[in-house]
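Order-wise, the sequence lines are chains A and B.
Numbering of the first sequence is given in our numbering, commencing with residue 140 and proceeding in unit increments.
Numbering of the second sequence is given in our numbering, commencing with residue 140 and proceeding in unit increments.
2 protein chains.
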Amino acid sequence: MAILGLLNQAPMHGYELRKRVLVLLGGFRALSYGSLYPALKRMRENGWICVPDPADATRVLPADAPPLTGKRGKVVYALTAEGKERFQDLLTEGGPEAWEDERFGVRFAFFAQTEADVRLRILEGRRRRVEERRDGLRASLGRTRERLDRYTLELQQHGLDSVDREVRWLSELIDHERVDGTQIDRKKNNPPASTS
Amino acid sequence: MAILGLLNQAPMHGYELRKRVLVLLGGFRALSYGSLYPALKRMRENGWICVPDPADATRVLPADAPPLTGKRGKVVYALTAEGKERFQDLLTEGGPEAWEDERFGVRFAFFAQTEADVRLRILEGRRRRVEERRDGLRASLGRTRERLDRYTLELQQHGLDSVDREVRWLSELIDHERVDGTQIDRKKNNPPASTS
DNA sequence: CTGCGATATATCGAATCGATACACTTGCCC
DNA sequence: GGGCAAGTGTATCGATTCGATATATCGCAG
Chain A
140 MAILGLLNQA PMHGYELRKR VLVLLGGFRA LSYGSLYPAL KRMRENGWIC
190 VPDPADATRV LPADAPPLTG KRGKVVYALT AEGKERFQDL LTEGGPEAWE
240 DERFGVRFAF FAQTEADVRL RILEGRRRRV EERRDGLRAS LGRTRERLDR
290 YTLELQQHGL DSVDREVRWL SELIDHERVD GTQIDRKKNN PPASTS
Chain B
140 MAILGLLNQA PMHGYELRKR VLVLLGGFRA LSYGSLYPAL KRMRENGWIC
190 VPDPADATRV LPADAPPLTG KRGKVVYALT AEGKERFQDL LTEGGPEAWE
240 DERFGVRFAF FAQTEADVRL RILEGRRRRV EERRDGLRAS LGRTRERLDR
290 YTLELQQHGL DSVDREVRWL SELIDHERVD GTQIDRKKNN PPASTS
């Protein structure tokens with residue numbers, strides 16, 4: 140999704156893609172080369188991205204031709220129509236996949252292009268998820284507090300504080316979403332969201 | 140290291156090992172089965188761990204014998220002398236490997252068994268590392284602040300706050316280490332650690 | 001004009017993940 | 001006393017990812 144989203148903004152090289160993913164996620168995990176290039180290859184085979192011919196921009200290079208080791212070879216990738224479509228689909232998804240740890244960060248980074256109701260759904264799902272973890276952690280810590288040494292305790296307390304902070308952060312975001320959205324659906328039916 | 144450290148406390152099954160690693164790290168990443176069992180196999184081949192014969196505890200089962208699919212098969216793993224040695228070596232390590240993201244958590248979880256000077260070295264290394272990230276993030280955020288949409292900004296700010304919090308946490312721990320350690324090496328030579 | 005650091009593509013082997021298969025145990029309801 | 005769901009437990013498969021590395025070009029400082 141990160142690759143699709145970045146290429147949706149502008150075509151670019153693999154190398155720059157890598158750098159941008161890094162800053163996009165705020166300096167946490169960066170796509171290794173061993174993931175990046177195979178991923179680009181796969182996406183090209185899937186028809187989501189293509190490599191425009193630098194000599195003739197109306198044509199694209201065939202997916203099987205260039206191993207291009209030897210001479211000079213910069214490869215600019217661009218989104219195809221299918222790729223844009225795929226990205227739009229991802230932006231519309233509001234299910235559990237969107238709020239799990241691995242995906243939420245990237246998903247959130249493209250929130251500006253996501254519909255307000257989907258944003259709210261994802262934020263609430265994410266908060267529920269993190270609250271679960273917080274409660275589990277709290278319970279486990281309460282149970283074992285006296286058996287743990289100073290450092291294990293400190294580590295778990297720090298972890299608990301972190302998830303707690305994330306819950307508060309998400310709550311602020313949700314509040315913000317709600318007041319921004321209120322103007323539109325004013326006092327319309329607001330069933331307390333059966334939490335299913 | 141997590142496996143060695145847990146088996147150092149008591150022999151146990153792979154399944155329980157998995158659960159304990161999960162709580163050890165405070166509910167973040169849990170060893171998948173696809174990592175766990177191959178890892179145990181490797182460690183057994185390396186001679187770090189063994190499987191005591193349940194019938195005769197003085198003997199251990201050979202490393203190649205039991206695929207044991209079919210009947211009943213619980214496999215209890217225990218540390219060998221080499222395994223204990225290996226774990227002690229890891230506890231002594233105070234280099235950069237000990238303070239990188241992936242390892243620091245586990246490393247810290249076993250701090251109670253680590254020497255005071257090694258603890259301090261690791262904490263300071265870790266703090267330096269996290270400060271670098273914080274400064275990089277801050278700089279990048281300052282440079283691009285006005286170009287970012289509300290959500291990307293929010294994400295990066297939250298990330299920055301998180302690393303900032305970690306720096307403060309580490310600083311508190313370091314202060315604590317210093318006052319606890321002072322009694323022992325009183326006013327001995329304290330060269331300012333050439334930062335190399 | 002040399003050497004160094006950034007840009008850039010690519011691959012290799014090993015480790016990891018996520019899903020799943022299989023089998024036994026325990027508790028609990030009807 | 002039967003059934004069956006949830007938990008315990010070992011194990012592997014294919015796909016993905018990582019970390020290290022090879023190779024080559026570009027820009028520019030000394």
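Even glycine gets a Cβ: it sits at the ideal position worked out from N, Cα and C.
Amino acids of chain A, ordered along the chain, whose beta-carbon sits closer than 9 angstroms to that of residue i
i              : result
W308 (chain B) : E293, H297, D300
Amino acids of chain A, ordered along the chain, whose beta-carbon sits closer than 8 angstroms to that of residue i
i              : result
L145 (chain B) : What L145 (chain B) touches in chain A: nothing, since even the nearest Cβ is about 12 angstroms away.
G275 (chain B) : G166
L312 (chain B) : E293
Proximity to residue i [Cα-Cα], best of the options
i              : options                        : result
E224 (chain A) : A:I188, A:D256, A:V214, A:V245 : A:I188
A141 (chain B) : B:E270, B:Q227, B:L294, B:R304 : B:Q227
L292 (chain A) : B:I313, B:L143, B:L164, B:G144 : B:L164
E221 (chain A) : A:L276, A:M182, A:S301         : A:M182
L299 (chain B) : A:Q296, A:Q295, A:R304         : A:R304
H315 (chain B) : A:G281, A:G186, A:E184, A:Y290 : A:Y290
D274 (chain B) : B:P235, B:D288, B:Q296         : B:Q296
D288 (chain B) : A:K213, A:F247, A:G234, A:D240 : A:F247
R317 (chain A) : A:L179, A:L259, A:L294         : A:L259
L294 (chain B) : A:G234, A:R286, A:W308, A:Y172 : A:W308
L143 (chain A) : A:L179, A:G234, A:D240, A:V257 : A:L179
Chain-ordered chain B contacts of residue i [CB-CB under 8 angstroms]
i              : result
S171 (chain A) : Residues of chain B passing the Cβ test: none, with the nearest at roughly 13 angstroms.
G248 (chain A) : Reading off the sequence shown, one finds Ala at residue 248 (chain A), where the question assumed Gly. Those within 8 angstroms of A248 (chain A) in chain B are Y290, T291, L294.
Chain-ordered neighbours of residue i on chain B, where CB pairs are closer than 7 angstroms
i              : result
D288 (chain A) : A251
S279 (chain A) : V162
R272 (chain A) : G166
Cutoff 7 angstroms; reference residue i; Cβ partners in own chain excluding five residues on either side
i              : result
E232 (chain A) : none
L230 (chain A) : F249, Q252, T253
S310 (chain B) : R266
W238 (chain A) : I261, G264, R265, R268
L161 (chain B) : A169
R242 (chain B) : E236
K213 (chain B) : H152
Q148 (chain A) : none
G234 (chain B) : none
N-terminal and C-terminal residue of the beta strand (DSSP E) that residue i is part of
i              : result
V215 (chain A) : 215-218
Close beta carbons around residue i, own chain, < 8 angstroms, minus the five adjacent residues each side
i              : result
T208 (chain A) : In this prediction, T208 (chain A) has a pLDDT of 48, which is less than 50 and means its spatial position is unreliable; nothing more can be read from the coordinates.
E270 (chain B) : V306
E155 (chain B) : none
Beta-carbon separation (whole angstroms), residue i vs residue j, contact threshold 8 angstroms
i              : j              : result
L276 (chain B) : V306 (chain B) : Incorrect: roughly 11 angstroms between the Cβ atoms, too far for contact.
E168 (chain B) : L145 (chain B) : The identity of residue 168 (chain B) in the sequence shown is Arg, whereas the question assumes Glu. So it is not a contact: roughly 15 angstroms between Cβ atoms.
R284 (chain A) : G166 (chain B) : About 15 angstroms; that fails the 8 angstroms criterion.
G186 (chain A) : T219 (chain A) : 6 angstroms
6 angstroms CB neighbourhood of residue i in its chain, flanking five on each side removed
i              : result
I313 (chain B) : L262
L175 (chain A) : G153, R157
P330 (chain A) : With a pLDDT of only 49 at P330 (chain A), under 50, the local geometry of the prediction cannot be trusted, and no value is derived from it.
R282 (chain B) : none
V257 (chain B) : G233
Residue i, enclosing alpha helix (DSSP H) - first and last residue
i              : result
P177 (chain B) : 172-184
F247 (chain A) : 240-248
Q148 (chain A) : 141-148
T283 (chain B) : 255-283
V190 (chain A) : No alpha helix (DSSP H) contains V190 (chain A), which DSSP labels as neither H nor E.
E155 (chain B) : 153-163
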